[in-house]
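Colleague:
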Amino acid sequence: MLSRSLVQGFARIAVAAATFGFTLSSAAAEQVNIYSYRQPFLIEPVLDAFTEETGIETRVVYASKGLVERLEREGRNSPADLVLTSNTSNLMQLVDKGLTQSVDSKVLEENIPAQFRDEEGQWYGLTTRARLIYASKDRVKPGEITSYEELADPKWKGRVCTRSGKHPYSLSLIASMIAEHGEEKTTEWLKGVKANLARKPQGNDRAQVKAISEGVCDLSLGNSYYFGKMITNEEEPEQIEWAKSVNLVFPNQDDRGTHMFISGAAVTKHAPNRDNAQKLLEFLSGEQAQYLYAEKNFEFPVRPGVERSELIQEYMGEFKEDDLSLTEIASYVPAASKLVDEVAFDF
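The sequence shown lines up with residues -28 to -1, 1 to 319 when you count with mature numbering (1 follows the signal peptide of the UniProt record, and there is no 0).
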């Protein structure tokens, strides 16, 4: 009679086979299984380079949502070794639900700045994005706004557009304001921004730039990589015109620096191929992968010193980043969400 542990082992292999589409006879091959919130065009070139260098095959399940919940349902029978995310909130959710494990790696510690990785090695940032102010070229003079705080200045009344205050991008920025100024001052700032809105918060970051180009507002908040997506969008040339209508403002260059986000990765708690998952993480932090991974989506390499894409250099150049730990910022997100409700920001 087979032992219980052996039966469970076969069950895990069977789940992996069903999930990633390989046969039991090939299950022992060198591989790493990935759940990815990131799109195929972003990661396939990097994964191909990893396989070419190491011989380790990569098998990927792509989804725009639900992977955290799926991993939670699968428990110890999950075939996933690594989760790739497009934002910090997914990483924090994975950790909060106990779905990750610590990775202790000198390579990762050397390649990834401390503010962009978990103190206990539960997750690591792989690319960064900046939360910018997009400003109308026609109606906002260069240097007329230089900080997030100035978005609450009454001079901008009826001139600001933004997406929902409940979106993770918004909550992260508000949380960083709490970390910098405390809840009381951040509440007043949020009220001021609301008073300056040209319309009820709505749409995504690109929709705000469209609104600027149409004269609905003069300022908006948006992630840096959306500019690259718009200015190169030959399939929808109207987006090129949206991008041409704005200047990019990197806020708070005279003090703490611009608020940053990350895409990142975490090794799963029950990873069947843990060592290979760590090898992939370390590869993703290397110079070749950092350039490829960031260049594909107009993001910034998280590793210092890596060359940035030509478009990034042309339109954005070098700037001062806020070096506050993302873990600390995340600790203020619940308070940020509460403030959004208290000031009825979205209504």
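Ideal Cβ positions, reconstructed from N, Cα and C, are used throughout, including at glycine.
Here the structure is a predicted model, which is why all the values come from computation and not from measurement.
1) Express the C-alpha separation of Ser144 and Asp313 in angstroms, rounding to a whole number.
2) Between the C-alpha atoms of Ser142 and Gln285, what's the straight-line distance to the nearest angstrom?
3) So, using beta-carbon positions, are Ile6 and Val32 closer together than 8 Å?
4) Over what stretch of residues does the alpha helix (DSSP H) that includes Val218 continue unbroken?
5) Taking Leu162 as the reference, give the member of Leu14, Phe88, Val4, Ala307 with the closest Cα.
6) Below 7 Å CB to CB, which residues in the same chain sit around Pro114 once its five sequence neighbours on both sides are set aside?
7) So what's Thr204 in DSSP terms, helix, strand or just coil?
8) What residue from Trp128, Ile105, Ser136, Leu256 has the CA that sits closest to Gln174's CA?
9) My output table needs one value for Gln3: the three-state DSSP class, helix, strand or coil.
10) Excluding the 5 residues flanking Leu245 on each side, which residues of the same chain have their C-beta closer than 7 Å to its C-beta?
11) Assuming Ser235 and Ser58 form a contact by the criterion Cβ under 8 Å, report the distance between their Cβ atoms to the nearest whole angstrom.
12) Taking the straight line between their C-alpha atoms, what separation do you get for Leu(-5) and Tyr34?
13) Report yes or no: do the segment 267 to 280 and the segment 125 to 139 share at least 3 C-beta pairs separated by less than 8 Å?
14) Of all Cβ atoms in chain D, is any one closer than 8 Å to the Cβ of Arg48?
15) Taking Tyr304 as part of the alpha helix (DSSP H), name the residues at either end of that continuous run.
16) Would you list the residues sitting across from Ser185 in a DSSP beta bridge?
17) In chain order, what residues of the same chain lie with their CB nearer than 7 Å to the CB of Lys109, ignoring the 5 residues before and after it?
18) Within 8 Å, do at least three Cβ pairs link the segment 182 to 200 to the segment 92 to 110?
19) Using beta-carbon positions only, say whether Arg89 and Phe233 come within less than 8 Å of one another.
20) When you compare only the Cα positions, how much space is there between Lys292 and Gln225?
21) Only counting the same chain, and skipping five residues up and downstream in sequence, which positions put a Cβ closer than 7 Å to that of Gln94?
22) Just to confirm, is the Cβ distance from Ala147 to Ile301 under 8 Å?
23) Excluding five sequence neighbours on each side, which residues of the same chain lie with their C-beta closer than 6 Å to the C-beta of Ala183?
24) Which same chain residues, not among the five before or five after Glu213, have their C-beta less than 7 Å away from its C-beta?
25) Using DSSP with H/G/I as helix, E/B as strand and the rest coil, what is Met288?
26) Classify Tyr120 as helix, strand or coil using the three-state DSSP reduction.
27) Tell me the DSSP secondary structure of Pro209 in three-state form.
28) Could you give the first and the last residue of the continuous beta strand (DSSP E) run that contains Val239?
29) Hey, out of Lys268, Ala249, Thr299, Lys172, whose CA is closest to Leu80's CA?
Modeller: Inspection of the coordinates gives the following:
1) Here residue 313 refers to the residue found at position 341 of the sequence shown. Here residue 144 refers to the residue found at position 172 of the sequence shown. Each residue's alpha carbon lies about 15 Å from the other.
2) Locating residue 142 in the sequence shown gives position 170, where the first residue counts as 1. Locating residue 285 in the sequence shown gives position 313, where the first residue counts as 1. Answer to the nearest angstrom: the Cα atoms are 26 Å apart.
3) On the sequence shown, position 34 is the one that residue 6 refers to. On the sequence shown, position 60 is the one that residue 32 refers to. Cβ atoms of Ile6 and Val32: closer than 8 Å.
4) Position 246 of the sequence shown, counting from 1, holds the residue named residue 218. Element bounds for Val218: not the alpha helix (DSSP H) but the beta strand (DSSP E), 218 to 221.
5) Here the question's residue 162 lines up with position 190 in the sequence shown. That would be Ala307, whose Cα lies nearest to the Cα of Leu162.
6) On the sequence shown, residue 114 is found 142 positions in, with the first residue counted as 1. Cβ within range, chain order: Asn219.
7) Locating residue 204 in the sequence shown gives position 232, where the first residue counts as 1. If DSSP states are grouped into helix, strand and coil, Thr204 belongs with coil.
8) Within the sequence shown, numbered from 1, the residue matching residue 174 stands at position 202. Nearest option by C-alpha distance: Ser136.
9) Position 31 of the sequence shown, counted from the start, is the residue given in the question as residue 3. Three-state result, Gln3: strand.
10) Within the sequence shown, residue 245 is the residue found at index 273, counting from 1. Rather than Leu, the amino acid found at residue 245 in this sequence is Asn. Within the same chain, Asn245 has close Cβ partners Gln3, Val4, Asn5, Asp53.
11) Within the sequence shown, the letter at position 263 stands for residue 235. Within the sequence shown, the letter at position 86 stands for residue 58. Yes, Ser235 and Ser58 are in contact; Cβ-Cβ is about 5 Å, under 8 Å.
12) In the sequence shown, the residue the question calls residue -5 occupies position 24. In the sequence shown, the residue the question calls residue 34 occupies position 62. Legend: pLDDT at Leu(-5) = 36, less than 50; position of this residue unreliable, no value from coordinates given.
13) no
14) Looking at the structure shown, chain D is missing, and only one protein chain is on hand.
15) Counting from 1 along the sequence shown, the entry for residue 304 is found at position 332. That residue, Tyr304, is in no alpha helix (DSSP H); it is neither H nor E in DSSP.
16) For this step, residue 185 is matched to residue 213 along the sequence shown. Paired residues: none, contrary to the question.
17) Within the sequence shown, numbered from 1, the residue matching residue 109 stands at position 137. Taken in chain order, the residues that qualify are Ser217, Val218, Asn219.
18) yes
19) Translated into the one-based positions of the sequence shown, residue 89 becomes position 117. Translated into the one-based positions of the sequence shown, residue 233 becomes position 261. The answer is no: Cβ separation not under 8 Å.
20) Locating residue 292 in the sequence shown gives position 320, counting from the first residue. Locating residue 225 in the sequence shown gives position 253, counting from the first residue. Taking the straight line joining both Cα atoms gives about 6 Å.
21) In the sequence shown, the residue the question calls residue 94 occupies position 122. Result list for Gln94: Val67, Thr72, Ser74, Ala238, in chain order.
22) Here the question's residue 147 lines up with position 175 in the sequence shown. Here the question's residue 301 lines up with position 329 in the sequence shown. Yes.
23) Counted from its first residue, the sequence shown places residue 183 at position 211. Hits under 6 Å: Cys133, Cys189.
24) Here residue 213 is taken as the residue at index 241 of the sequence shown, counted from 1. Only Ser185 meet the Cβ criterion.
25) Within the sequence shown, residue 288 is the residue found at index 316, counting from 1. Met288: coil per DSSP, three-state reduction.
26) For the purposes of this step, residue 120 is taken as the residue at position 148 of the sequence shown. Coil, per DSSP.
27) Stepping through the sequence shown from its first residue, residue 209 is reached at position 237. Residue state, collapsed to three classes: helix.
28) As a position in the sequence shown, residue 239 is number 267, starting the count at 1. Segment 232 to 239, the beta strand (DSSP E) holding Val239.
29) Start at 1 with the first residue of the sequence shown, and residue 80 comes out as number 108. Ranking Lys268, Ala249, Thr299, Lys172 by Cα distance to Leu80 puts Ala249 first.
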